[in-house]
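Engineer: Numbering (our numbering), first residue to last: 16 to 444.
Just so you know, even glycine gets a beta-carbon here, dropped at the ideal spot from N, CA and C.
Next comes the structure, spelled out in structure tokens:
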């Protein structure tokens, strides 16, 4: 099987190219199957869905793309990435942190995830230490260069915020917000005064109207209850993750903690594809790698959290960096893992990388209905469970135009079994 992220000869029928031009004119997606089984035509204009009708019912105009054989879904979003350190696992030494290298890595990681369907991404960026604000500057530059392809927002992540050691971190955090970071993050678990760290983050966020997105293992229920008590009602929103430690608590304690989070309106972002470096858990060295191994993987108790009314989104976390040498940055893989582990149905799992992830980022909801934003993902396949299981060929629509296309072809050699059973030699997936 071969797979390429380069534009491939596509299913355009007509009339105005392939929908990837700079001008967002009218684009009609024809014969697309929706998750509820309907086959429809969808007309996009001005960055929004203008009309949805039964197949063949919309007047032909503008560019038309034949989506026969594809499932059309609201585009997913990436609520928890680390693009500045992504794709560094193969480095022979410490990853370089020049502005140019961080911008290149961030752009490459964002485009990789865009190719999978994520038209909006939130990436956590450490500030302070030797890199000061350089990595944040590079990520913000990458975000500007990606405009029109994907929406990239940055989370400023200071190491320390309390005591004498935290004074510089607090000053740098304020500078980061002035530079353009729209979300304040960090890891209170690593600060000598976790409660003070959280209070400082919430104060700065309220002062500047920023969202909050903190790293925590979630293994201290009393700390989470206090956090929920002070974070409730903060706008534009509060998220924490990956909260894998909640799964190690007694069920009744975890349930009470989840109720506190739900009452405060706190979102939990789980990472089914693996953790991230921010929590800095140390383990034994990996043989032959020179890197420390992450602890045995745990996942947030998604079913328990959702049963308590907590909004749960799913992100990708580390992407081929020191915390995780592998990774695809694929929202559909995150949904697949949630469904395969029994944490959610395929429909709920996709909602966690779609609607819930977009809400975490403060973005409007997307439905395949007139009036909604034209943020869409077409995946070759006939059902949601099917595309979560095996989904290579994808067409990504952002602001009403095609911004990425992946085509894959599987071929089989000559075989008596294939001939006898009349199986296809070649199929596009």
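Kindly indicate the opening and closing residues of the alpha helix (DSSP H) around residue 191.
Structural biologist: 178–194
Engineer: Go through its chain and collect everything with a Cβ distance to residue 212's Cβ below 6 Å, but skip five positions before and after it.
Structural biologist: 176, 177, 203 and 206
Engineer: Counting C-beta neighbours from all protein chains within 10 Å, is the total for residue 426 16 or more, i.e. buried, or is it exposed?
Structural biologist: exposed
Engineer: Terminal residues of the continuous beta strand (DSSP E) containing residue 43?
Structural biologist: 42–48
Engineer: Return the CA-CA distance between residue 424 and residue 395, expressed in angstroms with no decimal places.
Structural biologist: 11 Å
Engineer: Going by DSSP in three states, residue 200 sits in which element: helix, strand or coil?
Structural biologist: strand
Engineer: Who are residue 365's beta bridge partners in DSSP?
Structural biologist: The partner list for residue 365 (beta bridge, DSSP) is empty, contrary to what the question assumes.
Engineer: Is the beta carbon of residue 260 sitting closer than 9 Å to the one on residue 313?
Structural biologist: Cβ distance < 9 Å, so residue 260 and residue 313 count as in contact.
Engineer: Residue 397: buried (16+ other C-beta within 10 angstroms of its C-beta) or exposed?
Structural biologist: exposed
Engineer: May I have the straight-line CA-CA distance separating residue 409 from residue 131, to the nearest angstrom?
Structural biologist: 7 Å
Engineer: Going by alpha carbons, who is nearest to residue 276 out of 326, 376, 285 and 251?
Structural biologist: 326
Engineer: Taking the beta strand (DSSP E) that residue 170 falls in, what are its first and last residues?
Structural biologist: 166–173
Engineer: Could you tell me the boundaries of the alpha helix (DSSP H) in which residue 268 lies?
Structural biologist: 266–279
Engineer: Give me the DSSP bridge partner(s) of residue 11.
Structural biologist: The requested residue 11 does not occur in the structure, where the chain is confined to residues 16 to 444.
Engineer: Count the other CB atoms, across all protein chains shown, that sit within 10 Å of the CB of residue 251; report buried if there are 16 or more and exposed otherwise.
Structural biologist: Under this definition residue 251 is an exposed residue.
Engineer: Output the residue ranges of the beta strand (DSSP E) runs that lie fully inside the stretch 359–417 and measure 3 residues or longer, sorted by chain position.
Structural biologist: 391–395 and 409–413
Engineer: In this structure, does DSSP put residue 282 in helix, strand or coil?
Structural biologist: strand
Engineer: Going by DSSP, which residues form a beta bridge with residue 56?
Structural biologist: Listed as beta-bridge partners of residue 56 by DSSP are 68.
Engineer: Straight-line CA distance for residue 428 to residue 287?
Structural biologist: Straight-line spacing of the CA atoms in residue 428 and residue 287 works out to 36 Å.
Engineer: How would you label residue 422, buried or exposed, when you count the other beta carbons within 10 angstroms and need 16 or more for buried?
Structural biologist: Residue 422 comes out buried.
Engineer: Nearest to residue 253 by alpha carbon, out of 376, 195, 135 and 192?
Structural biologist: Closest option to residue 253, Cα to Cα, is 376.
Engineer: Expressed to the nearest angstrom, what Euclidean distance is found between the alpha-carbon atoms of residue 77 and residue 56?
Structural biologist: The C-alpha of residue 77 lies about 13 Å from the C-alpha of residue 56.
Engineer: Should the stretch 94–101 be regarded as contacting the stretch 149–157, the criterion being three or more beta carbon pairs within less than 8 Å?
Structural biologist: With three or more CB-CB distances shorter than 8 Å, the stretch 94–101 counts as touching the stretch 149–157.
Engineer: Taking its Cβ as the centre, do 16 or more other Cβ atoms sit within 10 Å of residue 108, making it buried, or is it exposed?
Structural biologist: exposed
Engineer: Span of the beta strand (DSSP E) holding residue 231?
Structural biologist: 226–231
Engineer: If the criterion is Cβ atoms closer than 9 Å, does the pair residue 58 and residue 41 meet it?
Structural biologist: Result yes, Cβ atoms of residue 58 and residue 41 sit closer than 9 Å.
Engineer: Inspect the beta-carbon positions of residue 174 and residue 200 and report whether they are closer than 9 Å.
Structural biologist: Result no, Cβ atoms of residue 174 and residue 200 do not sit closer than 9 Å.
Engineer: Report the residue from 88, 103, 214 and 198 whose alpha carbon sits nearest the alpha carbon of residue 123.
Structural biologist: 103
Engineer: What residue range is occupied by the uninterrupted beta strand (DSSP E) comprising residue 79?
Structural biologist: 78–81 is the extent of the beta strand (DSSP E) around residue 79.
Engineer: Per DSSP, residue 86 is paired with what?
Structural biologist: 48 and 394
Engineer: Need the endpoints of the alpha helix (DSSP H) that residue 257 sits in, please.
Structural biologist: First-last for residue 257: 253–257, but that is the beta strand (DSSP E), not the alpha helix (DSSP H).
Engineer: Between which residues of its own chain and residue 43 is the CB-CB distance below 8 Å, once the five residues before and five after are set aside?
Structural biologist: 56, 57, 58, 59, 73, 75, 76, 77, 78, 79 and 80
Engineer: Indicate whether residue 412 and residue 391 have their beta-carbon atoms separated by less than 9 Å.
Structural biologist: yes
Engineer: When the Cα of residue 385 is compared with those of 51, 50, 61 and 46, which residue comes out closest?
Structural biologist: 61
Engineer: How is the alpha helix (DSSP H) around residue 158 delimited, first residue to last?
Structural biologist: In the DSSP assignment, residue 158 falls within the unbroken alpha helix (DSSP H) covering 149–160.
Engineer: Do you know offhand how far residue 48's Cα is from residue 165's?
Structural biologist: 24 Å
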